[in-house]
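A.B. asks: So that we are looking at the same thing, I have put the structure below in structure tokens.
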Amino acid sequence: MAIWCRNISSLRRSVVKRQLSHLITPNVSGQLIRCRSTKISDAPPDIRRVNKNITNLIRNGRVEDARRLFGMLTHRNTVTWNSMISGYVQQREIVKARYLFDKMPQRDVVSWNLMISGYLSCRHLEEGRKLFDEMPGRDFVSWNTMISGYAKAGKMNEALKLFNCMPDNNVVSWNAVISGLLRNGDVKTAVEYFKRMPERDSASLGALVSGLIQNEELDEAENVLYEFGESNDGKEDLIHAYNTLIAGYGQKGRVGDARRLFDKVPSYSSGQGISRKKRFERNVVSWNSMIMAYIKAGDMVSARELFDQMTERDTFSWNTMVSGYVHASNMDEASNLFSKMRNPDVLSWNSIVSGYAQTGKLELARDYFERMPQKNRVSWNSMISGYERNADYKGAIKLFMEMQQAGEKSDRHTLSSLLSVCAETVALFLGMQIHQLVSKTVIPDIPLNNSLITMYARCGAIHEARKIFDNMIFQKDVISWNAMVGGYASHGFAFEALELFELMKRLKVRPTRITFISVLNACAHAGLVEQGRLYFKSMDYEFGIKPEVEHFASLVDIVSRDGQLEEAMKVINTMPMEPDKAVWGAVLGACRVHNNVEFARIAAEALMRLEPESSGPYCLLYNMYADAGRWDDANEIRVLMETNNIRKEPAYSRMGSTSS
DNA sequence: GTAGGGTTAG
């Protein structure tokens, strides 16, 4: 099906007749209508306008629509073909681009360059190089495309080889090589090349400064800024570079240096005479970057002070402040500021939703969520993760189903929240389904693999967990180790847990407080008293981790299970913090097993103070006295229970309440 | 404002 496009009016008529007007962008439709009213009826085929149409469609991401239009044309010139190829190259559809490239009647240097850059952006370096070697006449663009292709792929040797045998380097070639060197961490050579450049353009200094910052060379970046900044003509580019550095200092927590630089940049109240490009002055990005630096340093007061001084704020400024307050858990200020915003965008809404969701105010969060004029994936994820973190597991799953109905695709964050839901509710079947969804839709990163391990481990599928763990060959973090060690420990595989812990230490993975909770638990379950004590001691002197109340509880558990109740009391008395119910619970349980009524009484009384409503300690103590035939004491406990109005709770099984 | 290369801030 082809449209004979003699002139623009006939194209329009055909388009309307065939109900293809959706292929025409509004802008161009408007032009088409104007054409008709001026009665240009017998103009030659207007390929230029059709080409522009194709370009517009591609620019709006509608490549397949462009392709349909392209297919209907009877008149195409090289630009038409090139535009279409460029569309496919942008979409990384290299095969389709190559198909057109092979089919086109005449190629010019642009066609070749397009094809080469297509291959390079798809990481097909050799194919790109082949075309580069084959092509008839190369221009600057061809050489520079090839050079930057090598530079981006980390092949600086190849890039420099081309750079050196190029007939004439222009400023783009220099910029490509310098940024390539910086990307590969060769700071010294990059600076040398920069100094040797015959001329620099507006991008050169900015590229150098940002590359230096990415290599953590902030002070060197400041040096080149002073050394070469003065000779820079485009002052807007200079402020660009200053802003990069202010932001860089902010990200590294050097808020004082950021402020020093910020103060160096003059701030004119109003500009007269000189155009903005020629002036070196603070702009909204400078202010925003400085505010971010303060927020990063946790200084909301200074951030707010600066924000209030701003004469011109953009959405970014507002969003930075709002999300700053959100992260500082100051939802009052966050929502206060949000309610004052020209134009909250989806980011602003997301900040508020996730702020309320993370602080447990799910209803408020949901209220804002429902009122959003537009939602994106992050909005859904914030809300789902809010439900998950606040233990509203049904809410999380329900919203996930709504998300799918709304046609929003899930990503690794969604799936990770859902896996946590499965872990918390011990929902193995659902967890496996989510796992399948993971395999089908994303390449799991470390956190997502960790969620999978945790899910399987919590559900008791310890071998599945280990499979995931073992497949993370070069990429495990300490959370992966903790999940696996903890999984073994909590399912009675004490030996495996400790073996993995030893492996972890051999591989120089630094354990955390979480690791030790699992390790000590494993020792308690396996009855490894001496080993448990040694591990406990190693926490501080080997790894500098101060034992917390959970660790003491485990240690108390370890020794009291072994019947060393006096030793357990000694530990309790030397603890730097107040013993909690886990500590006394461990003692009480062991007293029952080892039939030590005296210590049981101490532990039970402590527990009664900590949990006045619980009947557990009373019952246990009563039974122990009864077993020992000490009926007077037993009765005393019963009376105490009545006086304190304690009722015996019906026994229930946690598993029974969650399953089916 | 018809197609291709480098590159710069929050």
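Residue numbers for the first sequence follow numbering that gives the first Met the number 0, so the first one is 0 and each next one is one higher. Virtual Cβ for every residue (Gly too), placed ideally from N, Cα, C.
1. Along the chain, where does the alpha helix (DSSP H) that runs through E369 open and close?
2. Out of V558, L119, T511, F315, which one is the CA nearest neighbour of R532?
3. Hey, S479 and I452 are a contact pair by Cβ (cut 8 Å); roughly how many whole angstroms apart?
4. Residue range of the alpha helix (DSSP H) that C421 falls in?
5. What did DSSP end up calling L737 once you bin it into helix, strand or coil?
6. Determine the extent of the alpha helix (DSSP H) in which M289 is found, giving its start and end residues.
7. Taking DSSP as the reference, what is the three-state secondary structure of L527?
8. In angstroms, rounded to a whole number, what distance separates the CA positions of G86 and D313?
9. Does the pairing of the stretch 500-515 with the stretch 458-471 give three or more beta-carbon distances under 8 Å?
10. Mind checking which residues open and close the alpha helix (DSSP H) that includes D556?
11. Taking C-beta to C-beta, are I212 and A202 nearer than 8 Å?
12. What does the Cβ neighbour count give for K295, buried or exposed, with the cut at 16 atoms within 10 Å?
13. Beta carbon of V596, beta carbon of A627: below 8 Å?
14. Can the beta-carbon of L56 be found less than 8 Å from the beta-carbon of D64?
15. Figure out for me which residue from G179, A493, F162 has the closest Cα to the Cα of K151.
16. Do the CB positions of V264 and I238 come within less than 8 Å of each other?
17. For my contact list, F368 and V352 are in at a C-beta cut-off of 8 Å; report their separation, rounded to the angstrom.
18. If we call anything under 8 Å between Cβ atoms a contact, is S321 one with S301?
19. To the nearest angstrom, how far is the alpha carbon of F598 from that of M371?
20. Tell me the rounded alpha-carbon separation between M165 and W142.
21. Can you find the residues in the same chain that come closer than 8 Å, C-beta to C-beta, to E198, ignoring five residues on each side of it along the sequence?
22. Closest to A488 by C-alpha separation, out of K507, H462, I516, would be which residue?
23. In terms of residues, what are the limits of the alpha helix (DSSP H) holding Q404?
24. Would you check if the distance between the CB atom of T698 and the CB atom of Y455 is smaller than 8 Å?
25. Taking all protein chains shown into account, do 16 or more other C-beta atoms lie within 10 angstroms of the C-beta of G491, making it buried, or fewer, making it exposed?
26. Is it the case that the Cβ atoms of F162 and S147 are separated by a distance below 8 Å?
27. List in chain order: all unbroken alpha helix (DSSP H) runs of 4+ residues lying wholly within the stretch 337-363.
28. Do the CB positions of F227 and L260 come within less than 8 Å of each other?
29. Rounded to whole angstroms, what is the Cα-Cα separation between A496 and E304?
30. How many Å lie between E126 and K154 at the Cα?
31. Enumerated in chain order, which unbroken segments of the alpha helix (DSSP H) with a length of 4 residues or greater are wholly contained in the stretch 148-202?
32. When you compare only the Cα positions, how much space is there between L99 and P135?
33. Could you check which residue in V555, N168, D579, R512 has the C-alpha nearest to that of F139?
34. Let me make sure I understand the geometry here. Which of T511, M400, S266 has the alpha-carbon closest to that of K545?
35. What is the DSSP secondary structure of E63, reduced to helix, strand or coil?
36. Should G323 and M289 be called a contact, given that it needs their Cβ atoms to be closer than 8 Å?
C.D. replies: In brief:
1. Counted as a single uninterrupted DSSP element, the alpha helix (DSSP H) harbouring E369 occupies residues 361-370.
2. It is V558 whose Cα lies nearest to the Cα of R532.
3. About 6 Å; that satisfies the 8 Å criterion.
4. First-last of the alpha helix (DSSP H) with C421: 411-424.
5. With the chain covering 0 to 659 only, the question about residue 737 has no answer from this structure.
6. According to the DSSP assignment, M289 belongs to the alpha helix (DSSP H) that extends over 283-295.
7. If DSSP states are grouped into helix, strand and coil, L527 belongs with coil.
8. Approximately 33 Å, taken between the alpha carbons.
9. Between the stretch 500-515 and the stretch 458-471 there are fewer than three inter-stretch CB-CB distances shorter than 8 Å, so the stretches are not counted as touching.
10. Residues 548-560.
11. No; because the gap between Cβ atoms is not below 8 Å, this pair is not in contact.
12. Classification for K295: buried.
13. Contact: yes.
14. For L56 and D64, yes; Cβs fall inside 8 Å.
15. Measuring from the Cα of K151, the nearest candidate turns out to be G179.
16. Yes, these two residues count as a Cβ contact at 8 Å.
17. V352 and F368 do touch by the CB rule: their CB atoms are close to 5 Å apart, below 8 Å.
18. The question names Ser, yet the displayed sequence has Val at residue 321. With contacts defined by Cβ atoms closer than 8 Å, V321 and S301 do not form a contacting pair.
19. C-alpha separation (whole angstroms): 59 Å.
20. Distance between the alpha carbons of M165 and W142: 7 Å.
21. Hits under 8 Å: V170.
22. When each option's Cα is compared against that of A488, the closest is I516.
23. Q404: member of the alpha helix (DSSP H) spanning 392-404, first to last residue.
24. Shown here, the chain extends from 0 to 659; a query on residue 698 therefore has no answer.
25. By the neighbour-count rule (16 or more Cβ atoms within 10 Å), G491 is not buried but exposed.
26. Contact flag unset, no.
27. Qualifying alpha helix (DSSP H) stretches, in chain order: 345-357.
28. The criterion of a C-beta distance shorter than 8 Å is not satisfied by F227 and L260.
29. Our two residues, A496 and E304, have alpha carbons roughly 52 Å apart in a direct line.
30. Rounded to whole angstroms, E126 to K154 spans 15 Å at the Cα level.
31. The qualifying runs are 155-164, 170-182, 186-195.
32. Roughly 19 Å separates the two Cα atoms.
33. Considering only alpha carbons, the answer is N168.
34. For the residues T511, M400, S266, the minimum Cα distance to K545 belongs to T511.
35. Here E63 sits in helix by DSSP.
36. Contact: no.
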